[in-house]
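Undergrad:
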Ligand SMILES: C[S@@+](CC[C@H](N)C(=O)[O-])C[C@H]1O[C@@H](n2cnc3c(N)ncnc32)[C@H](O)[C@@H]1O
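In my numbering, the protein residues as written are -9 to 289.
#1: Just how far apart, CA to CA, sit residue 119 and residue 147?
#2: State the Cα-Cα distance for the pair residue 71 and residue 85, rounded to the nearest angstrom.
#3: Using a threshold of 7 Å, is the CB atom of residue 237 nearer than that to any non-hydrogen atom of ligand 1?
#4: Measuring alpha carbon to alpha carbon, tell me which residue in 256, 223, 247 and 227 is nearest residue 110.
#5: Please check if any C-beta of chain C sits within less than 8 Å of the C-beta of residue 278.
#6: Hey, would you say the C-beta of residue 136 is under 7 Å away from at least one heavy atom of ligand 1?
#7: Going by the CB atoms, is the gap between residue 229 and residue 200 shorter than 8 Å?
#8: Can you look up residue 230 in the DSSP assignment and give me helix, strand or coil?
#9: To the nearest whole angstrom, what separates the beta carbons of residue 290 and residue 178, a pair I think is in contact under 8 Å?
#10: By a C-beta neighbour count over all protein chains shown, 10 Å radius and 16 as the cutoff for buried, is residue 59 buried or exposed?
#11: Could you compute how far the alpha carbon of residue 328 sits from the alpha carbon of residue 116?
#12: DSSP has residue 9 in a bridge; who is on the other side?
#13: Kindly indicate which three-state DSSP category residue 43 falls into: helix, strand or coil?
#14: Give the single residue among 213, 19, 34 and 284 whose Cα lies nearest to the Cα of residue 184.
#15: Answer yes or no: the CB of residue 240 versus the heavy atoms of ligand 1, is any distance below 7 Å?
#16: Please classify residue 88 as buried or exposed, where buried requires at least 16 other C-beta atoms within 10 Å of its C-beta.
#17: Quick one, are the C-beta atoms of residue 126 and residue 195 less than 8 Å apart?
#18: For residue 284, does the count of other Cβ atoms within 10 angstroms reach 16, so buried, or fall short, so exposed?
#19: Compare the C-alpha of residue 275 against each of 17, 4 and 94 and name the closest.
#20: Taking the straight line between their C-alpha atoms, what separation do you get for residue 300 and residue 98?
#21: Buried or exposed: where does residue 124 fall if 16 or more other Cβ atoms within 10 Å of its Cβ makes it buried?
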């Protein structure tokens, strides 16, 4: 096993010097801190020491408790999207880490780019209404905020939110009700595998493919594209290599809890779209370039 002092040029070691890392490290006891550093630098998530560190993190981090129960849970992101109060000293790290900030910025990138895409597609098809299905929507904060901030889209767009997590859908439905947007949203508690909606103009698949390898991403894409009308578009997000390179600390903490990202090479999102029978027509990123949103049209 490498000790920290044996790896002076390790980018992992350098990442521990960042101010946000200090927030995390200072919340550990001296014994756990020593074990964490050794496990981290060796990317060890298996040993008895790694398990001891995990157990400490789970005891002290409500956010990681959610992740360890369900790595796909949308509730983890509620802390970031809604700037929910974070009381645990250990959890105060996450909103300061770049990977977590990129999740908030992904929402921002969607809000910046989707309205123009929707307007362009509606004009092209000369259609009065535009039907979007948000698969694995969670509460669908991005679409709620888009309708709120783009009154011209409000009466033309309907969003169907599909997610097996009823609690996440209730959060969305309550927010929609508070904002008087009920007539523009439907909430369907279902998995994409069994959802039987068809004829949509757009499928959103945001934060669903991130842990899946290329082969599984293609399989999911092939499955969900059946919801689209001919010529409809799908917008899917993937996490790119740069995230693992620039924020190895968050990546390691995620891996400890069983949340394993499958980072993609630059060319892979387009390759996924093509292998699923779609033609990529563009892409956009969050500010750090960690999340790639690919826009593809079904053939
Ligand atoms: C990481 S969250 C992303 C939520 C939201 N799209 C966002 O960007 O904030 C993944 C979501 O996928 C949902 N999910 C998990 N398995 C699913 C399935 N088989 N079909 C549809 N949604 C699923 C989870 O319940 C969760 O809400």
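Ideal Cβ placement from N, Cα and C applies to all residues, glycine included.
TA: Taking the coordinates as given:
#1: 6 Å
#2: 10 Å
#3: no
#4: 223
#5: Here chain C cannot be found, since the structure has a single protein chain.
#6: no
#7: yes
#8: strand
#9: Shown here, the chain extends from -9 to 289; a query on residue 290 therefore has no answer.
#10: exposed
#11: This structure gives no information on residue 328, because the portion of the chain shown stretches from -9 to 289.
#12: Partner(s): none; residue 9 has no beta bridge.
#13: helix
#14: 213
#15: no
#16: buried
#17: yes
#18: buried
#19: 94
#20: Because the chain is modelled from -9 through 289, residue 300 falls outside the range shown and cannot be assessed.
#21: buried
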